[in-house]
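To start, the structure under review is shown below, and the notes come after it.
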Amino acid sequence: MAAALAEAAAAGGNFRHSDRQVRLFHRGIHAGEAIAYRVATCWAGGPQPLSGSEATQMWYAECSDPGYNFELPQPQDGTGHFTQLVWRASRLLGIAGATVVTSARQSLSQADSDSQPEAEDTDSDYPMTVTNVVVALYFPPGNVDKCFEDNVLPIVADGGSGGLDDGGSDQLQATESS
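Mind the numbering: the sequence shown is residues 1 to 178 in UniProt numbering, read in order.
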């Protein structure tokens, strides 16, 4: 399911959360969702695809930017990906990525069929747009009102790394314990 959502988002350029009905998982309950994306224009040999690890670091970074206030365990603007990522009650994770590459040559020929590029031109003579999308699905979903205190646990130890440089063990240990 995560792969299909990532492919659809990359192909359509729609980076908003999917409809909950699309994410129905078990007994009518939807899966939680996090989306990360990068769109870059470059020449041949462009950027590396957005990895699951890099997307996870982006979501975790919301803990400090804009910042999650652990003393007020509730939904907070700009931290929903972080809180879903560490949500204690979530037990299942599906994560997938998709990449779509479109060259300016393709875009030109689709936009104006009368002005075809020169025959000797190749795609490498034109910039390309690379769209990378990573979608993570969580079950049960997180970010449930009045459940933040039990599910978004304070950071035990950070060591200045934000918890991810060493695999995120500090925060993940705190959220995995039952």
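C-beta: ideal position from N, C-alpha, C; glycine also. Only a predicted model underlies this, so the values are computations on that prediction, with no experimental measurement involved.
- Buried versus exposed call for L72 [16 or more other C-beta atoms within 10 Å across all chains shown]: Residue mapping note: residue 72 aligns to position 72 of the sequence shown, counting from 1. So L72 ends up on the exposed side.
- Item | Unbroken stretches of the alpha helix (DSSP H), 4 residues or longer, contained in the stretch 22 to 49 | Secondary structure within the stretch 22 to 49: not one fully enclosed alpha helix (DSSP H) run of 4 or more consecutive residues is present.
- Query: Expressed to the nearest angstrom, what Euclidean distance is found between the alpha-carbon atoms of L108 and P127?
  - Reply: Here the question's residue 108 lines up with position 108 in the sequence shown. Here the question's residue 127 lines up with position 127 in the sequence shown. Legend: pLDDT at L108 = 47, less than 50; position of this residue unreliable, no value from coordinates given.
- For the putative contact between S90 and G12, defined by C-beta atoms under 8 Å, what is the C-beta separation to the nearest angstrom? Against the sequence shown, residue 90 aligns to sequence position 90. Against the sequence shown, residue 12 aligns to sequence position 12. Contact flag wrong, Cβ pair sits at about 27 Å.
- Item | Neighbourhood of G80 by C-beta, 7 Å cutoff - its chain only, sequence neighbours within 5 removed | Stepping through the sequence shown from its first residue, residue 80 is reached at position 80. Result list for G80: N143, in chain order.
- Task: Would you mind working out which of V134, P154, V152 and E149 sits nearest A2, comparing C-alpha positions?
- Result: On the sequence shown, position 2 is the one that residue 2 refers to. The candidate whose alpha carbon is nearest that of A2 is V134.
- Does the beta-carbon distance from G78 to A6 come in below 8 Å? As a first step, residue 78 is located in the sequence shown; it is residue number 78 there, counting from the start. As a first step, residue 6 is located in the sequence shown; it is residue number 6 there, counting from the start. It is not a contact, given that the beta carbons lie outside the stated cut-off.
- Query: What are the boundary residues of the beta strand (DSSP E) that V144 is part of?
  - Reply: Along the sequence shown, one-based indexing puts residue 144 at 144. For V144, there is no enclosing beta strand (DSSP E), as DSSP gives it neither H nor E.
- Among Y37, A4 and A31, the one whose alpha carbon lies nearest that of R16: Here residue 16 refers to the residue found at position 16 of the sequence shown. Minimum Cα-Cα distance from R16 among the listed residues Y37, A4 and A31 corresponds to Y37.
- The beta strand (DSSP E) enclosing A89, as first and last residue numbers: Looking up residue 89 in the sequence shown gives position 89. Where A89 is concerned, there is no enclosing beta strand (DSSP E), given that its DSSP letter is neither H nor E.
- Task: From the DSSP output, in three-state form, read off L108 for me.
- Result: Counting from 1 along the sequence shown, the entry for residue 108 is found at position 108. Reliability fails at L108, whose pLDDT of 47 lies under 50, so the model's placement of it is uncertain and no value is given.
- Item | Range of the contiguous alpha helix (DSSP H) that encloses F139 | Position 139 of the sequence shown, counted from the first residue, corresponds to residue 139. Counting along the chain, F139 falls outside any alpha helix (DSSP H), though it belongs to the beta strand (DSSP E) covering M128 to F139.
- Item | Backbone CA spacing between A8 and I35 [nearest angstrom] | Against the sequence shown, residue 8 aligns to sequence position 8. Against the sequence shown, residue 35 aligns to sequence position 35. Between A8 and I35, the C-alpha separation is close to 12 Å.
- Message: I'd like to confirm the pairing. Which residues does DSSP put opposite G97 in its beta bridges?
- Response: Numbered from its first residue, the sequence shown carries residue 97 at position 97. Its beta-bridge partners are V134.
- Mark T56 as exposed unless 16 or more other C-beta atoms lie within 10 angstroms of its C-beta, in which case mark it buried. For the purposes of this step, residue 56 is taken as residue 56 along the sequence shown, with counting starting at 1. Burial state of T56 is buried, judged by a 10 Å Cβ sphere holding 16 or more other Cβ atoms.
- Query: In chain order, what residues of the same chain have a beta carbon less than 8 Å from the beta carbon of F148, not counting five sequence neighbours either side?
  - Reply: On the sequence shown, position 148 is the one that residue 148 refers to. Hits under 8 Å: P73, Q74, P75 and T83.
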